[in-house]
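Structure first, commentary second.
Number of protein chains: 4
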Amino acid sequence: MAEKPKKQLILEAAFEVFAQKGFHSTKVDEIAERAGIGKGTIYEYFKSKADVFHEMYIWYVDKYFAELEEGLLDESEPTLKLKRIVKNHIIFLNNVKNLAGKLLNESSTHMDMGAEFKKTMVNSYKEKMDRIKVIIEEGIQKGVFREIDVTLCTMFFFGILGGISHAMFLLDMDINPDDVAEKVIDILLNGIKK
Amino acid sequence: MAEKPKKQLILEAAFEVFAQKGFHSTKVDEIAERAGIGKGTIYEYFKSKADVFHEMYIWYVDKYFAELEEGLLDESEPTLKLKRIVKNHIIFLNNVKNLAGKLLNESSTHMDMGAEFKKTMVNSYKEKMDRIKVIIEEGIQKGVFREIDVTLCTMFFFGILGGISHAMFLLDMDINPDDVAEKVIDILLNGIKK
Amino acid sequence: MAEKPKKQLILEAAFEVFAQKGFHSTKVDEIAERAGIGKGTIYEYFKSKADVFHEMYIWYVDKYFAELEEGLLDESEPTLKLKRIVKNHIIFLNNVKNLAGKLLNESSTHMDMGAEFKKTMVNSYKEKMDRIKVIIEEGIQKGVFREIDVTLCTMFFFGILGGISHAMFLLDMDINPDDVAEKVIDILLNGIKK
Amino acid sequence: MAEKPKKQLILEAAFEVFAQKGFHSTKVDEIAERAGIGKGTIYEYFKSKADVFHEMYIWYVDKYFAELEEGLLDESEPTLKLKRIVKNHIIFLNNVKNLAGKLLNESSTHMDMGAEFKKTMVNSYKEKMDRIKVIIEEGIQKGVFREIDVTLCTMFFFGILGGISHAMFLLDMDINPDDVAEKVIDILLNGIKK
DNA sequence: CATGAATGAGTATTCATTCAT
DNA sequence: TATGAATGAATACTCATTCAT
């Protein structure tokens, strides 16, 4: 009878509902129902609806990174690492269907949810960037990449990931991870100039 | 005493408040107050709060494009055009302070606002993409750019613009338009490979 | 160009709308529109919406009586007079379609419209009753009717008129005035006992 | 501590307030206050204010009939049954004070509350009529009543009941049930002709 | 721990009324 | 006079949160 811990149950239910409906349109009742528990129980584990969102966000980002790191273990070359990130991102998006795209953007909407949450977000944002930055710097050190502005290039790369989410979500595009990753890296590495 | 038309007054007030607080956290009262009019007056010009948001969004996007096109008139080369777009985007973001970033992402949150609004959004998204696509295709035809996947490259470029907004907003980065545009285009054109 | 006076125009428009929708569901805008005038104009002739209703009610009752009296002029016998009242009532109901039934009952709803209006209503109610009472008393004096309780009998008769309105309205009954009047009077005069 | 069920509590509070003020002038807050519960609780048991009214109406009519039928059990003769109905009606009116009269008429005002409610009303109206019709038909079969138009006579009788309510309410008349029932039946049975 | 009935603060929207033209 | 744009008071309904069981 190895039941999942209640808190985890709520977190996962919350992810599904929040991602589908956004923060304000999600009702606590619905999270409880989807988690298969009583509404009151949520307040045994979380201070408020905002708190549920907050913790869920952290859990989700962690999960994202965990899956990402796993994929990175196999690669050693900066170029391949970047390619792997793109591929992973797309696969991740597919896994969580179109939910992720919504969630990722949702976040900025809730800046009004308090400074603390903004801090959490900024941190996870920086963390993601740093992860990429390191790879790019590594590439430069190894002499594989030119001496470009690392921060900018990271932002650059990072923006592309968001752009893919956005496009997949808004345009219901169907994307082949390997193919796209290949092309993205090609452009990133070689540029578009003839 | 050439007063601004009431409807325009409301649209501008709405932009400021929506951008600052997001859709759900914005109270109609506050829009009215910021516009310096009575609450009821808003309903003389708009069907509902959602309608205000909808029309404001369209107005905002139009404004964005108008300023963009203006900047593009001066340039003839695809490369310079792209650079101009980046620069314009940054200047625009600065103009509307950090509001824009929020607004741009806010949109996806309100997918629940009805299919009609989603259509509007998708259209403006496609329109923006097409504008860029054309430039890239032009570059390819002129033999300036390689024969890369145009759609993907557009998404690529488009994502970068979003990434810049995001970074400016989240990290409160101060950015020099010319400098960033220069570097972005450099990376885009030449890639990062040594 | 003998235009109807504005006030009269409003009164008639008000009657149609109030009768169709009831007091609260009637919008001042609609009265104005139906009267073919501007909304503000109503307030040139009436203090408030309630005032429009009030005056309209008086006008309507007067009209009812006027038509009734006209019909009574032809008859001299109490029995025939009562029959005439029934017939008139039915014809009147038909004239104003099903509107009247609604209006008649609507009144009691608006007791909260102030003591003054209640007085008006009670008065018109008493006036109607008195008109009938006199006829019944006349019948008793002439030895045509038994010495029954006049007030009660009036209420009795009066109730029947209301019952007919109610039935016509609720059940969409189609009624032949002459036929019904004949039968009503037959029962009233002779009772139902064998 | 046998508390009354919440739903019943609300129904009774609603009856009092609706009857006193009419539908539109009744505020949901007031019903809650009178029921001694929180405003939100009403929406746990009813879909809307209109729903409260609707269910309250049904409950009220049922109650009316229950009390009526009870009284009818004792009587076997059509004449006595009718007399009993009149008496019961008056007693009922006294019990619910002057509220009933208002309620009875209120109904027609809310025809705009949707077709479903109209159906409910028409049904309860027909039900009431049928109950009386049966008695009259019984009287005719037993040879106690003349062969009059049964529907009309029912309407006739029915109207009287309404007339009594109306008079009691508008004129604040004090009425002795036995006495009035006696006289009403006398007139109904024997007519007013000498 | 778990629950869900009860709650009431919070808000979009309507519409009678006013008043500058 | 006549108008209708502007107004804001008034109100049904939602839903996060509490707490008795």
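Residue numbers (our numbering), protein chains in the order written: chain A, 1 to 194; chain B, 1001 to 1194; chain C, 2001 to 2194; chain D, 3001 to 3194. A virtual CB, placed ideally from N, CA and C, is assigned to each residue, including glycine. These numbers come from a predicted model, not from an experiment.
| query | result |
| --- | --- |
| Cβ of A3019 (chain D) within 8 Å of any chain C Cβ | no |
| Closest by C-alpha distance to K2006 (chain C), when choosing among C:I2091, C:V2017, C:A2035, C:E2016 | C:A2035 |
| 4-residue-minimum alpha helix (DSSP H) runs that sit fully inside the region 1011 to 1067 of chain B, ordered along the chain | 1028 to 1035, 1039 to 1045 |
| L2152 (chain C) classed as buried or exposed, judged by whether at least 16 other C-beta atoms fall within 10 angstroms | buried |
| Beta-carbon neighbours of H3024 (chain D), restricted to chain C and to distances below 9 Å | G2022, F2023, H2024, S2025, T2109 |
| Cutoff 8 Å: R3146 (chain D) Cβ touching any chain C Cβ | yes |
| Short Cβ contact (8 Å threshold) for I1187 (chain B) with F156 (chain A) | yes |
| Pick from D:I3164, D:A3019, D:K3021 that is closest to H3089 (chain D), judged by C-alpha positions | D:I3164 |
| A66 (chain A) burial status per 10 Å Cβ neighbour count (16 or more: buried) | exposed |
| K3193 (chain D) in three-state terms, based on DSSP | strand |
| Uninterrupted alpha helix (DSSP H) stretches inside the region 115 to 142 of chain A (no shorter than 4 residues) | 115 to 141 |
| Three CB pairs or more closer than 8 Å across the region 1142 to 1150 of chain B and the region 1048 to 1067 of chain B | no |
| Beta-carbon contacts of H110 (chain A) that lie in its chain and below 6 Å, excluding the five residues immediately before and after | Confidence in H110 (chain A) is poor, its pLDDT being 44 and thus under 50, which makes the residue's placement unreliable; the coordinate value appears in the next sentence. Once the five neighbours on either side are set aside, the close Cβ partners of H110 (chain A) are F23. |
| Bridge partner(s) assigned by DSSP for F145 (chain A) | B:K1193 |
| Minimum Cβ-Cβ distance from H1054 (chain B) to chain A less than 8 Å | no |
| Chain-ordered chain C contacts of H3166 (chain D) [CB-CB under 9 Å] | S2108, Y2125, M2155, F2158, G2159, G2162 |
| Under 8 Å between C-beta atoms of P2078 (chain C) and V2180 (chain C) | no |
| Euclidean distance between Cα positions of L2068 (chain C) and I2091 (chain C) | 10 Å |
| Proximity to E2116 (chain C) [Cα-Cα], best of C:M2173, C:E2055, C:E2137, C:D2029 | C:E2055 |
| Under 7 Å from the C-beta of G40 (chain A): neighbouring residues of chain B | Within 7 Å Cβ-Cβ: nothing; G40 (chain A) doesn't reach chain B, min ~25 Å. |
| Classification of M173 (chain A) by the beta-carbon crowding that lies within 10 angstroms, buried from 16 upward | exposed |
| Neighbouring residues, chain B, relative to D149 (chain A) (Cβ below 8 Å) | K1183 |
| I3175 (chain D), DSSP secondary structure in three states | coil |
| Nonlocal neighbours in the same chain, by C-beta distance under 7 Å from P2177 (chain C), ignoring five residues either side | K2087, I2090, I2091 |
| Neighbour-count burial assignment, K2083 (chain C), 16 or more Cβ in a 10 Å radius | buried |
| Per-residue DSSP class, three states only, for T2109 (chain C) | For T2109 (chain C), the predicted structure reports a pLDDT of 46, less than 50, and the residue's modelled location is therefore unreliable. The matter cannot be settled from this model. |
| Beta carbon proximity, K2133 (chain C) to chain D, threshold 8 Å | no |
| Member of A:D29, A:Y64, A:T154, A:L72 whose CA lies at the smallest distance from the CA of L93 (chain A) | A:Y64 |
| C-beta neighbour in chain C for V3061 (chain D), strict 8 Å | no |
| Cross-chain neighbours of N88 (chain A) in chain B, by beta carbon under 7 Å | Neighbours of N88 (chain A) on chain B: none; closest Cβ ~16 Å, over 7 Å. |
| CB-CB length for I185 (chain A) against G1159 (chain B), believed under 8 Å | About 14 Å; that fails the 8 Å criterion. |
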